[in-house]
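So the sequence shown is numbered by this note's numbering: it starts at 191 and just counts up by one. C-beta atoms are modelled at their ideal positions from N, C-alpha and C, and glycine is treated no differently. Reading through the structure tokens given below for one structure.
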Amino acid sequence: MGASQQSYRLYSCARCAVQVRICSDCDRGNQYCTGDCAQIRRRESLCRAGVRYQLSFRGASMHAARQSVWRERRTKIVTHQGSVPGIDAAIVVTSPTMTEEPDVELVAPLLSSPSLRRAMAAVSYCSFCWRPLPAFVRSGPLRSGP
Ligand SMILES: [Zn+2]
Ligand SMILES: [Zn+2]
191 MGASQQSYRL YSCARCAVQV RICSDCDRGN QYCTGDCAQI RRRESLCRAG
241 VRYQLSFRGA SMHAARQSVW RERRTKIVTH QGSVPGIDAA IVVTSPTMTE
291 EPDVELVAPL LSSPSLRRAM AAVSYCSFCW RPLPAFVRSG PLRSGP
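What follows is the structure in structure tokens.
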């Protein structure tokens, strides 16, 4: 809630070592870049945890239970999907009547202005939410040792 600390953190992704700027609002102790690294790492650790879990007897029976739930749910999804194509067709038919242009069209001409480009190069942006960052950078996490 306290958005009083106007600072950001500069760190290197723990997986691909790319440099990341993160504002205090986005900072949840992030270690990875804005790409797939966090997801990849999470998947890797989930896989490892899953293997370990299934090795135990309890894990094996839980796995079986989950499988049957999954099968049941999948049957429901499949039967539900049977009614979807009609809705899809309705969306396709009505969308060409929408004349609203995306905001990108308005921003693009501004970006071609040299002075604005220079100004943007001087300002750093949060790699996650792309808001301009303050000049002050903290060199590490808040709770870094002495
Ligand atoms: Zn990365
Ligand atoms: Zn941010």
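Q: Kindly indicate which three-state DSSP category Ser317 falls into: helix, strand or coil?
A: Walking along the sequence shown from the start, residue 317 turns up at place 127. Three-state result, Ser317: coil.
Q | Supposed close pair Tyr198, Arg211 - CB separation, criterion 8 Å | A | Stepping through the sequence shown from its first residue, residue 198 is reached at position 8. Stepping through the sequence shown from its first residue, residue 211 is reached at position 21. Contact holds; Cβ gap of about 6 Å.
Q) Nearest to Gly219 by CA position, among Ala204, Val208, Leu236, Ile230, is which residue? A) Translated into the one-based positions of the sequence shown, residue 219 becomes position 29. A check of alpha carbon separations from Gly219 across Ala204, Val208, Leu236, Ile230 identifies Ala204 as the nearest.
Q.
Taking DSSP's pairing of strands, which residues face Arg256 in a bridge?
A. Position 66 of the sequence shown, counting from 1, holds the residue named residue 256. BP columns for Arg256 are empty, so no partner.
Q. From Cys206 to Cys216, what distance separates their C-alpha atoms?
A. Residue mapping note: residue 206 aligns to position 16 of the sequence shown, counting from 1. Residue mapping note: residue 216 aligns to position 26 of the sequence shown, counting from 1. For Cys206 and Cys216, the distance between alpha carbons rounds to 20 Å.
Q: Only counting runs of 3 or more residues, tell me where the beta strand (DSSP E) segments fall wholly within the stretch 194-243, in order along the chain.
A: 198-202, 209-213
Q) Under 8 Å between C-beta atoms, does Pro322 make it to chain C? A) Any reference to chain C falls outside this structure, which holds one protein chain only.
Q) Sorry if obvious, but does the Cβ on Ala241 come closer than 7 Å to a heavy atom of ligand 1? A) Taking the first residue of the sequence shown as position 1, residue 241 is located at position 51. It is worth fixing the name first, because residue 241 is Val in this sequence and not Ala. No - ligand 1 has no heavy atom lying nearer than 7 Å to the Cβ of Val241.
Q: Tell me whether the beta-carbon of Ser314 lies closer than 8 Å to the beta-carbon of Thr224.
A: Taking the first residue of the sequence shown as position 1, residue 314 is located at position 124. Taking the first residue of the sequence shown as position 1, residue 224 is located at position 34. No.
Q) What's the C-alpha gap between Val241 and Trp320? A) In the sequence shown, residue 241 corresponds to position 51, counting from 1. In the sequence shown, residue 320 corresponds to position 130, counting from 1. Their backbone Cα atoms lie some 38 Å apart in a straight line.
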